[in-house]
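Worksheet for the structure shown next.
Quick look at the structure:
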């Protein structure tokens, strides 16, 4: 699995610089957590890497966007569909339903598989969004605060599922909690908020 290499990335929104000459390396086949203060550009970086946002400068290599899954900060589920129907949307093979049921059951949603997502709690909907991304045929997974809104018991269950599902995949996960990185055996890239005249950069650490 090849590394994702980010070199000299720049992004500005109107008069606000979000990324300036930002560079980092995301190791292929491993989990990396992206941390930093709110507003330092974590979500913007994910959106640029996935092709959802245009960069102003710099280069990115090592991502096959045809085999990329994304868990956004918002769940982005289709309201009138059930948990299972939402979960299997990225799948086209004949055992899609079986895979969806297995994933939702592993996340504690076995009694709500056929429930419309509008009738699910926020934490349940979050788990559906996670399941949908992790059963997709993806080699790279981006997750933006995936455990947000989960109670501690549910979080532990979800983290264990995510850890197993990401084996062999390249994952970049935005989180504010160093415990997430520890539980996922992830390396950490710390992003710093830009000050006037300062360039953004990532400091890599391993737990």
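Numbering (this note's numbering), first residue to last: 3 to 209. Glycine included, each C-beta is placed from N, C-alpha and C at the ideal position.
Through-space distance from residue j to residue i, alpha-carbon basis
i	j	result
residue 97	residue 89	13 Å
residue 2	residue 46	Nothing can be reported for residue 2, as the shown portion of the chain is limited to 3 through 209.
residue 133	residue 177	18 Å
residue 208	residue 13	Reliability fails at residue 208, whose pLDDT of 41 lies under 50, so the model's placement of it is uncertain and the value that follows must be treated cautiously. Computed Cα separation, rounded: 27 Å.
residue 194	residue 43	9 Å
residue 273	residue 73	Residue 273 falls outside the range modelled here, since the chain spans only 3 to 209, and no answer is possible.
residue 8	residue 163	28 Å
residue 179	residue 152	13 Å
residue 122	residue 33	29 Å
residue 58	residue 113	47 Å
residue 4	residue 170	11 Å
residue 174	residue 125	21 Å
residue 35	residue 117	32 Å
residue 138	residue 189	24 Å
residue 144	residue 183	14 Å
residue 48	residue 167	20 Å
DSSP three-state assignment for residue i, whether helix, strand or coil
i	result
residue 46	helix
residue 102	helix
residue 135	helix
residue 2	The first residue shown for the chain is 3 and the last is 209, placing residue 2 beyond what the model contains.
residue 78	coil
residue 86	helix
residue 111	coil
residue 68	helix
residue 58	coil
residue 209	Note that residue 209 has pLDDT 40, beneath the 50 cutoff, so the model's placement of it is unreliable and the number below is only indicative. Residue 209: coil per DSSP, three-state reduction.
residue 30	coil
residue 93	coil
residue 52	helix
residue 195	coil
residue 121	helix
Check whether residue i and residue j have beta carbons under 8 Å apart
i	j	result
residue 93	residue 101	yes
residue 129	residue 103	no
residue 1	residue 31	Since the first residue of the chain shown is 3 and the last is 209, residue 1 is not available in this structure.
residue 2	residue 119	Because the chain in this structure spans residues 3 to 209, residue 2 falls outside the shown range and cannot be described.
residue 69	residue 140	yes
Neighbour flag for residue i against chain D, beta carbons, 8 Å
i	result
residue 52	No chain D appears in the structure shown, which is made up of a single protein chain.
>> For the pair the stretch 15 to 23 and the stretch 63 to 83, tell me if three or more CB-CB distances fall below 8 Å.
In response: The answer is no - the stretch 63 to 83 does not touch the stretch 15 to 23, with fewer than three Cβ pairs under 8 Å.
>> Check whether the stretch 26 to 36 and the stretch 67 to 85 are in contact - that is, three or more C-beta pairs closer than 8 Å.
In response: no
> Which whole runs of the alpha helix (DSSP H) in the stretch 149 to 193 are 4 residues long or more, in chain order?
Replying inline: 154 to 167, 180 to 185
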